[in-house]
């Protein structure tokens with residue numbers, strides 16, 4: 001999460017001077033950071049961008065990266081995001097005219113391997129056009145949403161990275177999750193600096209095994225420290241290796257995957273479903289929290305409106321999504337969740353607003369004198385529909401849409 005700036009030169013959240021991630025662990029940790037030579041890392045350039053042969057309707061960067069799937073990719077420019085995939089440091093951006101996706105490799109031991117890793121990470125074998133056509137055929141509401149929120153893609157992350165990130169996310173907020181994930185990342189090999197952000201290869205299991213619970217607590221992880229170190233220990237004891245054990249889950253049935261992940265310290269059903277969906281090819285996994293519960297009771301299970309969410313009802317919600325959307329139900333749920341983000345919902349047609357939201361908006365409209373107020377949120381700056389602004393205002397208070405995502409992580 002980055003600091004706001006007073007002026008936004010473009011119609012969406014433009015590149016800003018970020019708060020750099022920590023480049024070394026705090027002094028209390030005894031692990032020696034690996035030495036790096038920043039002068040050997042190629043600086044970011046505005047040239048040498050290569051087409052990825054992906055249209056914006058197949059991949060919208062603002063609708064994919066800052067939506068709670070991953071906390072390791074940083075916005076480093078206007079519609080531009082940068083992250084690491086193994087030893088590869090890569091930036092992605094939308095072409096300013098046609099919106100197509102381009103990539104730039106800053107550092108890598110192999111250009112061919114870097115592009116292959118990128119395509120795998122982006123789940124390139126899944127066609128949004130095809131699966132969204134299926135969803136739209138069975139759900140007119142989804143069909144209308146898909147017209148406005150094109151390109152919201154589910155990522156295929158490294159299972160170990162995804163696991164550690166979602167252990168950090170438990171009952172947490174975006175800023176703190178990002179800080180924790182940046183800390184863990186900084187234990188890996190340094191890869192370079194892009195627009196003020198330091199990037200590292202995610203540490204391997206052996207490297208992670210050197211960190212103690214006390215060191216993580218000193219770094220601000222709180223009770224999550226014991227879950228992370230406990231999970232690392234459990235993975236290291238797996239026959240054949242912990243990474244291999246995680247990767248093998250991609251070939252198993254969803255319930256087997258959920259049950260297996262829940263044997264790890266700190267992993268419950270919702271966290272397990274997130275890991276399964278975002279890294280283990282379980283495309284019909286449904287992470288159920290209060291926000292997904294609200295979506296379900298409004299559109300899939302109206303008879304449960306007003307009921308209290310229980311583990312049994314979580315299973316019923318997941319089953320309802322799968323029954324409605326099939327084997328890619330997790331992708332449908334992802335779009336439906338993104339449509340609940342305040343900045344996006346404020347620009348959707350009125351059919352997507354609840355009566356309560358309309359009344360609230362009308363009240364704020366009546367209080368506005370000279371300025372024009374949007375139906376639900378007064379925006380700090382204008383932006384195009386496919387972009388996520390950094391800040392919105394509601395009830396005379398300014399806050400980030402990422403705080404909304406944080407409540408999803410905590411299940412509030």
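Numbering (full-length UniProt numbering), first residue to last: 1 to 412.
C-beta atoms are modelled at their ideal positions from N, C-alpha and C, and glycine is treated no differently.
Given the structure is predicted, the values throughout are model-derived calculations rather than measurements.
With distances taken Cα to Cα, identify the nearest neighbour of residue 232 among 219, 222, 246 and 220.
If we check each option's Cα against that of residue 232, 246 comes out closest.
Report the option in 268, 185, 144 and 293 whose CA atom is closest to the CA atom of residue 350.
144
Within a Cβ cutoff of 7 Å, which residues of the same chain sit near residue 70, ignoring the five residues on either side of it in sequence?
155, 157 and 165
Using a 10 Å radius around the Cβ and a threshold of 16 neighbouring Cβ atoms, would you call residue 93 buried or exposed?
buried
I need the DSSP call for residue 399, collapsed to helix, strand or coil.
Here residue 399 scores only 46 on pLDDT, less than 50, and its place in the model should not be relied on; the value that follows carries that caveat. Here residue 399 sits in strand by DSSP.
Beta-carbon proximity check, residue 128 vs residue 113, cutoff 9 Å:
no
Quick one: grab the DSSP three-state call for residue 138.
helix
Just to check my reading of the structure: residue 52 and residue 103 have Cβ atoms closer than 8 Å, yes? What is that Cβ distance to the nearest angstrom?
Here residue 52 really is in contact with residue 103; their C-beta atoms are around 5 Å apart, less than 8 Å.
Specify whether the segment 265-274 and the segment 295-309 touch according to this definition: at least 3 beta carbon pairs, one from each stretch, less than 8 Å apart.
Because the criterion of three Cβ pairs below 8 Å is not met, the segment 265-274 and the segment 295-309 do not touch.
What is the DSSP secondary structure of residue 105, reduced to helix, strand or coil?
strand
Where residue 310 falls: helix, strand or coil (DSSP)
coil
How about residue 281 and residue 243: do their beta carbons lie closer than 9 Å?
no
CA-to-CA distance, residue 110 to residue 46, given in whole angstroms:
With a pLDDT of 45 at residue 46, under the threshold of 50, the predicted position of this residue should be treated as unreliable, and no value is reported.
Identify the continuous beta strand (DSSP E) that holds residue 90 and give its terminal residues.
88-94
Indicate whether the contact test is met: 3 or more Cβ pairs, each with one atom in the segment 160-176 and one in the segment 198-216, closer than 8 Å.
yes
Using 8 Å as the cut-off, can you tell me whether the segment 324-344 makes contact with the segment 306-315, which would need three or more C-beta pairs spanning the two stretches below that distance?
no
Just to confirm the assignment, what range does the alpha helix (DSSP H) spanning residue 178 have?
174-185
Who are the near neighbours of residue 170 in its chain, counting only those whose CB is closer than 7 Å to its CB and skipping five residues on each side?
Cβ neighbours of residue 170 beyond the five flanking positions: 224, 266 and 271.
Compute the distance between the beta-carbons of residue 309 and residue 290, then report whether it is under 9 Å.
yes
What residue range is occupied by the uninterrupted beta strand (DSSP E) comprising residue 192?
Counting along the chain, the beta strand (DSSP E) containing residue 192 begins and ends at 190-194.
Pull up the distance between the alpha-carbon of residue 135 and that of residue 211, whole angstroms please.
45 Å
What is the rounded straight-line gap between the Cα of residue 241 and the Cα of residue 75?
34 Å
Cutting at 7 Å between CB atoms, please list the residues of its own chain near residue 236, excluding the five before and the five after it.
205, 209 and 242
Taking residue 278 as the reference, which of 116, 120, 60 and 49 has the closest Cα?
120
When we look at the beta-carbon of residue 185 and count the other beta-carbons within 10 Å, is it buried (16 or more) or exposed?
When all chains shown are included, residue 185 counts as buried.
Starting from residue 160, trace the alpha helix (DSSP H) both ways and give me its first and last residue.
159-168
If residue 83 and residue 55 are in contact, beta carbons under 8 Å, what's the gap, nearest whole angstrom?
Not a contact, Cβ separation roughly 21 Å.
Rounded to the nearest angstrom, how far is the Cβ of residue 321 from that of residue 332, given a contact under 8 Å?
For a cut-off of 8 Å, the C-beta gap from residue 321 to residue 332 is around 7 Å, short enough to register as a contact.
Give me the Cα-Cα distance between residue 284 and residue 255, rounded to the nearest whole angstrom.
Approximately 11 Å, taken between the alpha carbons.
Note down, in chain order, each residue of its chain lying with its Cβ closer than 7 Å to the Cβ of residue 86, except the 5 sequence neighbours on either side.
117 and 201
Let's test the definition: count the other Cβ atoms within 10 Å of the Cβ of residue 106 and tell me whether it reaches 16, buried, or not, exposed.
buried
Length-filtered (3 minimum) beta strand (DSSP E) runs lying within the segment 197-257
197-200
Can you list, in chain order, the residues of its chain whose CB lies under 6 Å from that of residue 238, leaving out five sequence neighbours each side?
245
Inter-residue CB distance, residue 337 and residue 292 (contact presumed, cutoff 8 Å)
7 Å
In this structure, how does DSSP classify residue 130 when only helix, strand and coil are distinguished?
helix
Can you tell me whether residue 54 is helix, strand or coil according to DSSP?
Note: residue 54 maps to coil in three-state DSSP.
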